[in-house]
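Undergrad:
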Amino acid sequence: MKDILSASFLKAFSKVTSNMYRLGWDERNGGNLSLLLEEEEVAPYLDLKDVKRRFFLGFDAQALAGKYFLVTGTQKYFKNVEGDEENNLGLFRISADGTEGELLWGYADGGRPTSELPAHLMSHIARRSVDPMNRVVMHTHPTNLLAMTYVHELETRQFTHTLWQMSTECIVVFPDGVEVLPWMLCGTNEIGEATAERMKKARVVVWSMHGIYGAGKTLDETFGLVETVEKAATVYMLTAGLKRVNTIQDEELKVLANYFGVEYRKGIID
Ligand code: 2HA
Ligand code: ZN
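Start counting the sequence shown at 5; every next residue gets the next number (the working numbering).
1. Pick from PHE82, ILE129 and GLY114: whose alpha carbon is nearest that of LEU196?
2. With a threshold of 7 Å, establish whether the CB of THR118 neighbours any heavy atom of the ligand 2HA.
3. Assuming contact is defined by CB atoms lying nearer than 8 Å, are GLY77 and PRO117 in contact in what I supplied?
4. What are the residues that DSSP puts in a beta bridge with ASN36?
5. Enumerate, from N- to C-terminal direction, the unbroken alpha helix (DSSP H) stretches of 4 or more residues contained entirely within the stretch 85-117.
6. Taking 7 Å as the cut-off, does the CB of HIS124 come closer than this to any heavy atom belonging to the ligand ZN?
7. Could you tell me which whole beta strand (DSSP E) segments of length 3 or greater appear in the stretch 164-224?
8. Rounded to whole angstroms, what's the CA-CA distance from LYS80 to GLU120? Just pull it up for me.
9. Where does the unbroken beta strand (DSSP E) through ARG57 begin, and where does it stop?
10. Does the stretch 136-151 come within contact of the stretch 21-29, defined as at least 3 CB pairs closer than 8 Å?
11. Check whether the Cβ of ASN36 sits closer than 7 Å to any heavy atom of the ligand 2HA, and report yes or no.
12. Could you check what DSSP says for LEU158 in three-state terms: helix, strand or coil?
13. Would you call the stretch 10-25 in contact with the stretch 212-227, where contact means no fewer than 3 C-beta pairs closer than 8 Å?
14. With respect to 7 Å, is the separation between the Cβ of GLY215 and the closest non-hydrogen atom of the ligand ZN below this value?
15. Do the stretch 31-41 and the stretch 49-65 meet, that is, are 3 or more Cβ pairs less than 8 Å apart?
16. Under 8 Å, Cβ to Cβ, is there at least one residue of chain C near MET188?
17. Taking LEU149 as the reference, give the member of VAL209, ASP254, LYS19 and THR21 with the closest Cα.
18. Does at least one heavy atom of the ligand ZN sit under 7 Å from the Cβ of CYS190?
19. Is any heavy atom in the ligand 2HA found nearer than 7 Å to the beta carbon of ASN91?
20. Please report the residue range of the alpha helix (DSSP H) in which TYR72 lies.
21. How far does the alpha helix (DSSP H) with SER4 in it reach, from first residue to last?
22. Thinking C-alpha only, which one of GLU90, GLN169 and LEU107 is nearest GLU256?
23. Let me confirm a value: SER99 is counted as buried when at least 16 other C-beta atoms fall within 10 Å, else exposed. Which label applies?
24. DSSP on LEU41, reduced to helix/strand/coil?
25. Where do the ends of the alpha helix (DSSP H) carrying GLU256 lie?
26. Which first and last residues belong to the alpha helix (DSSP H) in which VAL20 is found?
27. Would you mind sorting ARG202 into buried or exposed? The rule is 16 or more other CB atoms within 10 Å of its CB.
Set out below in structure tokens:
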């Protein structure tokens with residue numbers, strides 16, 4: 005059996021949590037991250053029959069039965085993940101009936117998965133229904149995006165339009181735009197269901213006055229997606245309240261999308 009700490013997926017996962025912390029997105033226990041793994045990726049590192057503990061999911065995850073997930077722990081700090089993975093992360097399988105997590109490694113100090121596990125797993129199900137290659141769900145509290153939800157209309161069309169105007173790469177990186185949820189109580193099945201519903205339309209869901217959810221095929225891609233949204237929100241916050249004399253015109257957004265061959269979401273600029 006190989007040492008799981010040497011697994012490239014575990015190293016990449018740790019590194020991304022460190023980068024998120026370094027950028028100031030994940031204060032204290034803020035943020036949570038989940039990565040879907042296939043059995044053949046996990047098998048070299050763990051005895052798949054050795055279930056350490058079981059925990060109830062509290063919703064139907066049948067669509068993910070038999071899938072493996074690496075997930076940050078509840079009350080754990082992103083700044084502590086790298087170098088102490090076994091206490092701060094857990095790797096579990098979704099039981100055959102979709103009701104339980106079967107812990108195979110991690111949460112070593114008796115911990116549990118993030119309180120946002122419903123939003124994560126429901127988002128995985130929703131994203132995979134439109135993109136079967138989706139493997140990552142990232143929740144974090146990027147500073148300027150959070151600030152923007154205090155001063156900008158909380159409406160999907162307007163919010164997306166503003167972000168697309170904030171830098172030339174935006175419409176190319178997130179042509180599906182961002183979905184905006186109103187303030188809701190976090191850690192519940194309700195916010196999980198609302199997030200997952202929006203995830204069918206876009207890979208980014210803004211939680212007003214809280215943070216962001218991003219989804220993607222790889223850790224790098226998902227991090228890059230959230231990073232690009234946060235960069236746009238930063239430009240917005242640096243210019244909000246100042247007299248804006250220039251912008252990217254809607255016609256220019258269309259030229260960009262056409263040049264890069266991306267199908268941008270309809271109803272935002274037309
Ligand atoms: O787990 O970010 O939304 C900490 C959070 C909850
Ligand atoms: Zn949060």
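C-beta atoms are modelled at their ideal positions from N, C-alpha and C, and glycine is treated no differently.
TA: If we stick to the structure as given:
1. It is Gly, not Leu, that sits at residue 196 in the sequence shown. Considering only alpha carbons, the answer is ILE129.
2. Checking every heavy atom of the ligand 2HA against the Cβ of THR118, one is found closer than 7 Å.
3. yes
4. HIS143
5. Within the stretch 85-117, the complete alpha helix (DSSP H) runs of at least 4 residues fall at 89-92.
6. no
7. 182-185, 208-211 and 215-220
8. 13 Å
9. 57-60
10. The stretch 136-151, when compared against the stretch 21-29, does touch it at the 8 Å Cβ threshold.
11. yes
12. Correct three-state label for LEU158: coil.
13. yes
14. yes
15. No, because fewer than three Cβ pairs between the stretch 31-41 and the stretch 49-65 fall closer than 8 Å, the two stretches do not touch.
16. The chain labelled as chain C is not found in the depicted structure, where only one protein chain is given.
17. VAL209
18. yes
19. Incorrect: ASN91 has no Cβ contact closer than 7 Å to the ligand 2HA.
20. DSSP places TYR72 outside any alpha helix (DSSP H); the residue lies instead in the beta strand (DSSP E), whose first and last residues are 72-76.
21. Absent from the structure is residue 4, since the part of the chain shown begins at 5 and ends at 274.
22. GLN169
23. buried
24. strand
25. 254-264
26. 12-26
27. buried
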